[in-house]
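First up is the structure itself, then whatever we jot down about it.
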Amino acid sequence: MSVFDLRLAELHNRLQNKQLSVAELVEHSIKRISDTDDKIGAFLALNEEGARKEAQALDAQLAAGGERGLLFGVPAGIKDNIVTEGLRTTCGSKFLENHDPIYDAAVVTKLRAAQSVTIGKLNMDEFAMGGSNENSAYGLVRNPWDLERVPGGSSGGSAAAVAAGQVYFTLGSDTGGSIRQPAAYCGVVGLKPTYGLVSRFGLVAFASSLDQIGPITKNVEDSAYVLQAIAGHDERDTTSAKVDIPDYLSALTGDVKGLRIGVPKEYLGQGIDPQVKERVLEALKVFESMGAVWEEVSLPHTEYAIATYYLLASSEASSNLARFDGVRYGVRADNPANLIDLYRRSRSEGFGPEVKRRIMLGTYALSSGYYDAYYKKAQQVRTLIKQDFDQAFEKYDLIIGPTAPTPAFKLGEQVGDPLTMYLNDICTIPVSLAGVPAISIPCGTADGLPVGLQIIGKPFDERTVLRAAHAFESQTGFHDLRPALS
Amino acid sequence: MSITIKEVEHVANLARLELSDAEKEQFAGQLNAILKYAEKLNQLDTEGIEPTSHVLPLANVMREDVVKPSWPIEKVLLNAPEEEDGQFKVPAVLE
Numbered sequence: 000m001s002v003f004d005l006r007l008a009e010l011h012n013r014l015q016n017k018q019l020s021v022a023e024l025v026e027h028s029i030k031r032i033s034d035t036d037d038k039i040g041a042f043l044a045l046n047e048e049g050a051r052k053e054a055q056a057l058d059a060q061l062a063a064g065g066e067r068g069l070l071f072g073v074p075a076g077i078k079d080n081i082v083t084e085g086l087r088t089t090c091g092s093k094f095l096e097n098h099d100p101i102y103d104a105a106v107v108t109k110l111r112a113a114q115s116v117t118i119g120k121l122n123m124d125e126f127a128m129g130g131s132n133e134n135s136a137y138g139l140v141r142n143p144w145d146l147e148r149v150p151g152g153s154s155g156g157s158a159a160a161v162a163a164g165q166v167y168f169t170l171g172s173d174t175g176g177s178i179r180q181p182a183a184y185c186g187v188v189g190l191k192p193t194y195g196l197v198s199r200f201g202l203v204a205f206a207s208s209l210d211q212i213g214p215i216t217k218n219v220e221d222s223a224y225v226l227q228a229i230a231g232h233d234e235r236d237t238t239s240a241k242v243d244i245p246d247y248l249s250a251l252t253g254d255v256k257g258l259r260i261g262v263p264k265e266y267l268g269q270g271i272d273p274q275v276k277e278r279v280l281e282a283l284k285v286f287e288s289m290g291a292v293w294e295e296v297s298l299p300h301t302e303y304a305i306a307t308y309y310l311l312a313s314s315e316a317s318s319n320l321a322r323f324d325g326v327r328y329g330v331r332a333d334n335p336a337n338l339i340d341l342y343r344r345s346r347s348e349g350f351g352p353e354v355k356r357r358i359m360l361g362t363y364a365l366s367s368g369y370y371d372a373y374y375k376k377a378q379q380v381r382t383l384i385k386q387d388f389d390q391a392f393e394k395y396d397l398i399i400g401p402t403a404p405t406p407a408f409k410l411g412e413q414v415g416d417p418l419t420m421y422l423n424d425i426c427t428i429p430v431s432l433a434g435v436p437a438i439s440i441p442c443g444t445a446d447g448l449p450v451g452l453q454i455i456g457k458p459f460d461e462r463t464v465l466r467a468a469h470a471f472e473s474q475t476g477f478h479d480l481r482p483a484l485s
Numbered sequence: 000m001s002i003t004i005k006e007v008e009h010v011a012n013l014a015r016l017e018l019s020d021a022e023k024e025q026f027a028g029q030l031n032a033i034l035k036y037a038e039k040l041n042q043l044d045t046e047g048i049e050p051t052s053h054v055l056p057l058a059n060v061m062r063e064d065v066v067k068p069s070w071p072i073e074k075v076l077l078n079a080p081e082e083e084d085g086q087f088k089v090p091a092v093l094e
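Quick note, the sequences are listed as chains W and Y, same order. Residue 5 in numbering that gives the first Met the number 0 sits at position 6 of the first sequence; the count goes up by one each step and never skips. Residue 74 in numbering that gives the first Met the number 0 sits at position 75 of the second sequence; the count goes up by one each step and never skips.
Written as structure tokens, this is what we have:
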């Protein structure tokens, strides 16, 4: 067993009792990365020297006694679309291959205050566009459970790094499922908080009305710890919600008696792998045995969610990515004939195919004559999708279903077919459009590959989501399964 | 509705992208497939439904108009592909 398999509370006990030092934790992380990352490909940049220095300072603080931060001493990895001052941040894009941010994202400042140690930056689909991590300009990430399979995406590096025991926890970002789906494929815990709970300041924008940062961890308790550290209002993000941040840890009571669960029939219908469906039904039996009640519910607009999402997210992306013009940062084409030529060639040379495809789709949907037919129509359908959830939550405390319709697919299997790739997100996208919180937790395996259970809650009710997820993992222990990665 | 190569060229121009002939062909095909799929939204009657641009009940968020410190120039220019005299340099805009 690795020290990274210990719960945070136990890890802190050992640090307190001098059985372990922060320096040892950091060295463990660096060694594990050096032993495994040629196979996995999770890291794009390492902060070895900085991490060692921080470890020294934290060990000195520990020796002197005094207050410890919430995430004291634990090695963390950060998705590469979250800016880190002085630590290269590429968003998985060639466009930003030499980009050294001049400030820290709000969540990075918060992690620093909580005293975790940043080990490095994690691979991802370019600008977070993709569900397999195959769209990174810096190579594949392999799933630690089966090196021939994808880790999911777009936070593929963030999920694989936790599954491979390279760092203690990571941050990912989720626009249409990009935390939850890779967490499911890699057998780890991934939480997408309510839209607006965590500041997006310093998160390179993909689709601003959907993007949200969240933790990827090995268990639900640690997820609650990290959420506690990163949640909260930030005036630098105007969409940051002004809500009181509750105590998430105290929600983990193990008690789900009387909890009312709705199970969307649309999430268990056509296209779902029979073994995934089986695991979800078994999970519902576990909740039943703990005193929760569940019944089938309909979210009737589910089948429209993917089309809605790709129109809205691509439209927002086409606007957000206009900032990459080769003037203030990023690559610039050689010998531009004029300013327009500079924009055109810099962007064409710097962006990969999926990013260009979505910029094209979004630009088309927003262009004169098509705006009402595509963009506005999709915004109206988004209202209907959100109403599905509002209505369900009048009757239920939680909605539960699979995170993804299948386990991890093979590398290369869906590369040539963007539409099929998009359909993997059928269970996560409606949740993103509604802006509500959801967690993916391990609920067993299918042919040796992890299956994720998705627990969806009311807006800003992360406490109930975490309570149910924690009760389930305490009862089943599926989160303790590890890949046989040497 | 089907996107022609000409329309692909128009949209690429709006998006400030330069596409090869092969890319134009490929995007025309893929965008047609995606937009055909998106036509299923037309099955829904959305007459009178308010569009959702955002899930939070937020209107404009204002702050006090006070002067705050900004980044030093050398930091701002740290990632500039080309700079001169403390400014971003671009090709001449006016001939």
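Every residue gets a Cβ at the ideal spot worked out from N, C-alpha and C, and that includes glycine.
A distance below 8 Å separates the beta carbons of Y/V89 and W/V326. Along the segment 64–85 of chain Y, going in chain order, the ones with a CB nearer than 9 Å to a CB of chain W are W70, K74, V75, L76, L77, N78, A79, P80, E81.
Note on Y/T3: under 16 other CB atoms within 10 angstroms of its CB, so exposed under the neighbour-count rule.
For W/S317, the uninterrupted alpha helix (DSSP H) run begins and ends at 304–319, by DSSP. Within the same chain, and ignoring the five residues on either side of W/L365 in sequence, the residues whose Cβ sits closer than 6 Å to its Cβ are S314, Y374. In the three-state reduction of the DSSP assignment, Y/F87 falls in the strand class, which pools E and B. With the rule of 3 Cβ pairs closer than 8 Å, the segment 285–297 of chain W does not count as touching the segment 90–97 of chain W. Put simply, the backbone Cα of W/L311 is about 17 Å away from that of W/G130.
With 16 or more other CB atoms across the displayed protein chains lying within 10 angstroms of its CB, W/S317 is buried. The residues S313, A316, S317, L320, F350, in chain order, have a CB closer than 8 Å to that of W/I358 in the same chain once the five nearest residues on each side in sequence are set aside. Per DSSP, reduced to three states, the secondary structure at W/Q55 is helical. W/V2 sits in a helix when the DSSP states are folded into three classes. Along the segment 20–33 of chain Y, going in chain order, the ones with a CB nearer than 7 Å to a CB of chain W are F26, Q29, L30, A32, I33.
In summary, Y/W70 is exposed, with fewer than 16 beta-carbon neighbours lying within 10 Å of its beta-carbon over all protein chains present. Only those residues of the segment 317–334 of chain W whose C-beta falls short of 8 Å from the nearest C-beta of chain Y are listed: S317, A321, D324, G325, V326, R327, Y328, G329, V330, R331.
Counting along the chain, W/I339 sits inside the alpha helix (DSSP H) bounded by residues 338–349. Put simply, of Y/K5, Y/F26, Y/A79, Y/T51 the residue whose alpha carbon is nearest the alpha carbon of W/D416 is Y/F26. Chain W places no beta carbon closer than 8 Å to that of Y/S1, leaving this residue out of the contacts. Nearest in C-alpha terms to Y/E17, of all of W/S347, W/V330, W/P441, is W/S347. Per DSSP, W/G156 is one residue of the alpha helix (DSSP H) stretching across 155–162. In chain order, V219, I438, I440, I454 place their CB closer than 6 Å to the CB of W/A468, counting only its own chain and leaving out the 5 sequence neighbours on each side. Membership of W/L7 in the alpha helix (DSSP H) is indicated by the continuous run 7–15. Between W/E147 and W/L410, the C-beta spacing is below 8 Å. The C-alpha of W/M123 lies about 8 Å from the C-alpha of W/S157. Taking 7 Å as the upper bound on Cβ-Cβ separation, chain Y lies near residues H98, D99, I101 of the segment 91–105 of chain W. In the pairwise beta carbon analysis, the segment 183–193 of chain W is classified as touching the segment 220–237 of chain W: at least three pairs are separated by under 8 Å. Within 10 angstroms of the beta-carbon of Y/Q86 lie fewer than 16 other beta-carbons, which makes it exposed. A straight line joining the alpha-carbon of W/T307 with that of Y/L40 spans about 8 Å. Annotated as proximal: W/M128 and W/V354, with beta-carbon spacing under 8 Å. Against W/G434, the close residues of chain Y are V54, L55, in the order they occur along the chain (beta-carbon pairs closer than 8 Å). Under the DSSP assignment, W/T35 falls in the alpha helix (DSSP H) whose first and last residues are 21–39. For the segment 34–53 of chain Y, the beta-carbon criterion of a distance under 7 Å to any beta-carbon of chain W is satisfied by Y36, A37, K39, L40, L43, T45, I48, E49, P50, T51, S52, H53.
Between W/L14 and W/V2, the CB-CB gap reaches or exceeds 8 Å.
Around the Cβ of W/K376, a 10 Å sphere holds 16 or more other Cβ atoms; the residue is buried.
Residue range 219–229 is occupied by the alpha helix (DSSP H) that includes W/D221.
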